[in-house]
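*Asks:* Quick one: the structure is below, questions incoming.
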Amino acid sequence: MKRLWVTGYRSYELGVFSDKDPKLAIIKYALSNSLKSLLEEGKIDWVISGANLGTEQWGLETAISLQNDYSVHTALMTPYLEFSKRWNDSNQMKYQNLTDQVDFTASTSDYPYMRPVQLKNYQNFMLEHTDRALLLYDPEHSGKPKYDYEAIKKYQEKSDYPLDIIDFYDLQEAAEEYEENHQKNFY
Numbered sequence: 001m002k003r004l005w006v007t008g009y010r011s012y013e014l015g016v017f018s019d020k021d022p023k024l025a026i027i028k029y030a031l032s033n034s035l036k037s038l039l040e041e042g043k044i045d046w047v048i049s050g051a052n053l054g055t056e057q058w059g060l061e062t063a064i065s066l067q068n069d070y071s072v073h074t075a076l077m078t079p080y081l082e083f084s085k086r087w088n089d090s091n092q093m094k095y096q097n098l099t100d101q102v103d104f105t106a107s108t109s110d111y112p113y114m115r116p117v118q119l120k121n122y123q124n125f126m127l128e129h130t131d132r133a134l135l136l137y138d139p140e141h142s143g144k145p146k147y148d149y150e151a152i153k154k155y156q157e158k159s160d161y162p163l164d165i166i167d168f169y170d171l172q173e174a175a176e177e178y179e180e181n182h183q184k185n186f187y
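Pasting the structure below:
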């Protein structure tokens, strides 16, 4: 198995508050390009992510959308039980739909949220049960992914663990390419 951990910014950190936000099409386009490249190079056959609103769910949605053309499995992991319990109905429905579509789902803890160590244990689990990572993260613009980025960098000191990053420059390039490709379709 060749397993990829996909994580990155939360939706609110990128100012994406709707599935119809034009930024989301660009983000998914960039994620899709990265996943396709890794799949075509034979570097992955599993996409494993968390359930956070934003990059994690978008990464899984993107991987699921590629399953017709690529042999790729998906897994959704949470750091504790009842992960989406405090979310609004719309977000809980998105979460439930996603758990219904992935090939595997589980929690790294057998309990609802109790203490921060569950988050650290989840992070360690993801590092130890994947072979590489894809982060939607720009080190020049901190945010929640900073903690995963730092953990990956530390893990790389003792393990061969490739890290691919989609930063804001990459997103800008993806936006230009996306716009160019979609303009061609109008003529």
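Going by full-length UniProt numbering, the letters in the sequence shown line up with residues 1 to 187, in that order. All residues carry an ideal CB built from backbone N, CA and C; glycine is no exception. Every value quoted in this text rests on a predicted model; they were computed, and no experiment measured them.
Could you check if residue 257 is buried or exposed, using at least 16 other CB atoms within 10 Å of its CB as the buried criterion?
*Replies:* Residue 257 lies beyond the stretch modelled for the chain, which goes from 1 to 187, so this question has no answer here.
*Asks:* Please report how far the alpha carbon of Asp103 lies from the alpha carbon of Lys36, in whole angstroms.
*Replies:* Along the sequence shown, one-based indexing puts residue 103 at 103. Along the sequence shown, one-based indexing puts residue 36 at 36. Distance between the alpha carbons of Asp103 and Lys36 is about 19 Å.
*Asks:* List the whole-angstrom C-beta distance separating Gly54 from Glu13, where the pair is believed to meet the contact cut-off of C-beta under 8 Å.
*Replies:* In the sequence shown, counting from the first residue as 1, residue 54 sits at position 54. In the sequence shown, counting from the first residue as 1, residue 13 sits at position 13. Confirmed, about 7 Å.
*Asks:* May I have the straight-line CA-CA distance separating Tyr122 from Gln183, to the nearest angstrom?
*Replies:* By one-based count along the sequence shown, residue 122 stands at place 122. By one-based count along the sequence shown, residue 183 stands at place 183. C-alpha separation (whole angstroms): 42 Å.
*Asks:* Mark Phe83 as exposed unless 16 or more other C-beta atoms lie within 10 angstroms of its C-beta, in which case mark it buried.
*Replies:* Counting from 1 along the sequence shown, the entry for residue 83 is found at position 83. By the 10 Å Cβ count, Phe83 comes out buried.
*Asks:* Looking only at its own chain, which residues have a Cβ that is under 6 Å from the Cβ of Tyr29, when we skip the five neighbours before and after it?
*Replies:* Locating residue 29 in the sequence shown gives position 29, counting from the first residue. For Tyr29, where only same-chain residues beyond five positions count, the Cβ hits under 6 Å are Ala174 and Tyr178.
*Asks:* Apart from the five residues just before and just after Gly8, which ones in its own chain have a Cβ nearer than 6 Å to its Cβ?
*Replies:* Here the question's residue 8 lines up with position 8 in the sequence shown. Closer than 6 Å at the Cβ level, and outside the excluded window around Gly8, lie Thr55, Leu135, Leu136, Tyr137 and Pro145.
*Asks:* Quick one, which of Gly143, Tyr155 and Leu119 has its alpha-carbon nearest Leu127's?
*Replies:* In the sequence shown, residue 127 corresponds to position 127, counting from 1. Looking at the Cα atoms, Tyr155 is the closest of the given residues.
*Asks:* Would you mind working out which of His141, Glu140 and Ile165 sits nearest Ile152, comparing C-alpha positions?
*Replies:* Residue numbering aside, residue 152 sits at position 152 when the sequence shown is read from its first letter. With distances taken between Cα atoms, Ile152 lies closest to Ile165.
*Asks:* Using only the alpha-carbon positions, how far apart do Gln101 and Thr74 sit?
*Replies:* Stepping through the sequence shown from its first residue, residue 101 is reached at position 101. Stepping through the sequence shown from its first residue, residue 74 is reached at position 74. Answer to the nearest angstrom: the Cα atoms are 9 Å apart.
*Asks:* Look at the alpha carbon of Tyr169 and the alpha carbon of Ile27, and state the distance between them as a whole number of angstroms.
*Replies:* In the sequence shown, the residue the question calls residue 169 occupies position 169. In the sequence shown, the residue the question calls residue 27 occupies position 27. C-alpha separation (whole angstroms): 12 Å.
*Asks:* Name the two residues that bound the continuous alpha helix (DSSP H) containing Gly59.
*Replies:* Reading the sequence shown from its first residue, position 59 is the one you call residue 59. It spans Thr55 to Ser65 - the alpha helix (DSSP H) in which Gly59 sits, taken as one unbroken run.
*Asks:* Where do the N-terminal and C-terminal ends of the beta strand (DSSP E) with Met114 fall, by residue?
*Replies:* Taking the first residue of the sequence shown as 1, we reach residue 114 at position 114. Counting along the chain, Met114 falls outside any beta strand (DSSP E), and DSSP gives it neither H nor E.
*Asks:* Just checking: is the beta-carbon of Met1 within a distance shorter than 7 Å of some beta-carbon in chain B?
*Replies:* Protein chain content of the structure displayed is limited to a single chain, and chain B is not contained in it.
*Asks:* Straight-line CA distance for Lys2 to Val47?
*Replies:* The sequence position of residue 2 within the sequence shown is 2, counting from 1. The sequence position of residue 47 within the sequence shown is 47, counting from 1. About 9 Å.
*Asks:* For Asp164, report the span of its beta strand (DSSP E) as first-last.
*Replies:* As a first step, residue 164 is located in the sequence shown; it is residue number 164 there, counting from the start. Taken as a continuous stretch (DSSP letters only), the beta strand (DSSP E) holding Asp164 covers Leu163 to Ile166.
*Asks:* Name, in chain order, the residues that DSSP records as bridge partners for Phe104.
*Replies:* Looking up residue 104 in the sequence shown gives position 104. According to DSSP, which records beta bridges pairwise, Phe104 is partnered with Ala75.
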